[in-house]
Amino acid sequence: MNFAFSRLRDASLSAPLGDPGDSVSSAEAAAATNGLASPSPVIPSLDGIRALSVLIVVLGHSGLQTVIPGGFGVTIFFFLSGFLISTLMLSEHERTSTLNIPSFYARRVFRLMPPLLLTLAIAYGLTFTGLLDGGITAQGLAAQLLYFANYYGLFFDPGNTVPDGTGILWSLAVEEHFYIVYPLLMTVLLGSALRPRTIGVLLGLVCLAVLAWRIHLVHAPGFFSDRTYYGSDTRIDSIAYGCILALMTNPMRQRREHGAMSAAHWALLLGAAAVLLLSLLYRDPTFRETARYSVQGLALMPLFYLAVRFADAPLFRELNRSWMMTLGTYSYAIYLIHNVVIRTIDKNVPAIAAKPYLLFPLTLLIAVVYAAAIERFIEPYFRQLRHRFRPAPAGTPVTEQTRDSSSKGWQLRDRLVESPTTHAS
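Counting from 1, position 140 in the sequence shown corresponds to residue 140 in our numbering; the numbering is continuous, with no gaps.
Next comes the structure, spelled out in structure tokens:
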């Protein structure tokens, strides 16, 4: 049994989508139509939430893990990914009466793989030249490319078989394992005319089953905390809670351009924030490896709901500033590269690595420049490829002209939507 993740987890937090995912996910914008129609072509506040989450992750990995709850950033990314993908699926099903599963997977491949391949090429190149610690093995690379990094690190990695800083890819594996099953499940359930709220109830039962499984594992002989933290079977409920919000009470159906939050809304907000704070402060090991993820998933529901529904309220307005949306768009690439940058600095310039107030801004600067370069030089080509797999409205014949027209309308959504939950490590 391998503890290759332990140093990464202790050194900062718990890594995402990249997860941070859908995922990681990127500014989360989805053009919503028909039943999910909104005055804006973008789901508000999600880009800003993703930006905050990736900042939490980078801060934690920069040596501030004792004061920055980096692991919570992973949970946020997972939740956001589930909410976003479910909202998009509902929108597609309302417009086309079906879900095009092959196109869904094709879009994810064209969104996730180019930045991932480039980041791995850089990490393996740095390791090969001796500028980055770690190892280079075929099995390690295969596990990362095939989204098996979490279980490979838990059970099969004898240590030193992948470049330092790439252990965060565990969170991408969790998301992809969820999305192997979820679109197929949604196709069957929506096709059987089940109401979204009924599907949400079924997912709630899944969340209860995952919680029961974590409790069982924690009390089983030979338990180690990394097992519940990194395993897809023990973390997918963090994604499912976001799906439940989208299915049961999607705030995009109740958007208020200039609506004010009522006293009840403020009470709900403060209560959810208090629950989240308590979940972070309460350090009992059993709670942290069992109920913590469930409590945080439930508390995130009202916070996401209010942030999207009342995006123009003063409290949430900053989440929708242009610079926050840009940072959210960059979050997937930032997530992928940031820990490689930190480990490289740690090996070659330890004086900087020992000072978080220097390490954080330098890492963030390098990661943002890297993400901007991907957005400028790589993303446009693959965005066009993704447009070819966009579902057209029901009854619309697909021609080159309609493809070109649709491409312009979906460009913003495409850039933001299909990131994995960018996670934290």
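Glycine residues also receive a C-beta, built at the ideal position from the N, C-alpha and C atoms.
ask   = In the structure shown, what three-state DSSP assignment does G35 receive?
value = In this predicted model, G35 has a pLDDT of only 46, less than 50, meaning its place in the structure is not dependable; the value taken from the coordinates is given anyway. DSSP places G35 in helix when its eight states are reduced to three.
query = Are the beta-carbon atoms belonging to T87 and I43 less than 9 angstroms from one another?
reply = Yes.
Rounded separation between L298 and N348 - CA only = 43 angstroms
key: Extent of the continuous alpha helix (DSSP H) run through T363   = 356-377
inquiry  = Less than 9 angstroms between the C-beta atoms of I345 and I352, yes or no?
reply    = By the CB criterion at 9 angstroms, I345 and I352 fall inside the cutoff.
ask   = Can you name the start and end residues of the alpha helix (DSSP H) that G271 belongs to?
value = Where G271 is concerned, the enclosing alpha helix (DSSP H) starts and stops at 263-281.
task = Please list, in chain order, all residues of the same chain as I236 whose beta carbon is under 6 angstroms from its beta carbon, the five residues on each side excluded.
result = Cβ neighbours of I236 beyond the five flanking positions: F178.
message = What does the Cβ neighbour count give for P350, buried or exposed, with the cut at 16 atoms within 10 Å?
response = Here P350 is exposed, its C-beta having fewer than 16 other C-beta atoms within 10 Å.
ask   = Under a three-way DSSP split, which group does P163 fall into?
value = strand
inquiry  = Contact defined as beta carbons within less than 8 angstroms: I believe V308 pairs with S45. What is the distance between those atoms, to the nearest angstrom?
reply    = 5 angstroms
query = Are A246 and F83 touching if we call contact CB-CB under 9 angstroms?
reply = yes
request  = Report the rounded CA-to-CA distance for L315 versus G63, giving the unit in angstroms.
outcome  = 29 angstroms
query = What span of residues does the alpha helix (DSSP H) with V58 cover, start to end?
reply = 46-59
message = Taking 9 angstroms as the threshold (C-beta atoms), are L190 and I180 in contact?
response = no
message = If you reduce the DSSP assignment to three classes, tell me which class G222 lands in.
response = coil
ask   = So which of F223, A138, A240 has the shortest CA-CA distance to L202?
value = A240
task = Give the C-beta separation of T161 and A123 to the nearest angstrom, bearing in mind that I take them to be a contact with Cβ-Cβ under 8 angstroms.
result = The pair is not a contact, with the Cβ atoms about 13 angstroms apart (cut-off 8 angstroms).
task = Along the alpha helix (DSSP H) that carries E318, what are the first and last residues, could you check?
result = In the DSSP assignment, E318 falls outside any alpha helix (DSSP H) and carries neither an H nor an E.
query = Would the stretch 200-220 and the stretch 152-161 be scored as touching if the rule is three or more Cβ pairs under 8 angstroms?
reply = no
key: Three-state secondary structure assigned by DSSP to G134   = strand
Cβ separation of A51 and L327, assumed to be a contact under 8 angstroms, to the nearest whole Å = 4 angstroms
inquiry  = Please report the straight-line C-alpha distance between L385 and F110, rounded to a whole angstrom.
reply    = Spanning the two alpha carbons is a distance of roughly 7 angstroms.
query = So, V206 versus T290, is the Cβ gap smaller than 9 angstroms?
reply = Cβ atoms of V206 and T290: not closer than 9 angstroms.
task = Take Y293 and list the residues in its own chain whose beta-carbon comes closer than 6 angstroms to its own, dropping the five residues that flank it on each side.
result = S238
ask   = In terms of residues, what are the limits of the alpha helix (DSSP H) holding D284?
value = Where D284 is concerned, there is no enclosing alpha helix (DSSP H), given that its DSSP letter is neither H nor E.
query = Should Y381 be labelled buried (16 or more other beta-carbon atoms within 10 Å of its own) or exposed?
reply = exposed
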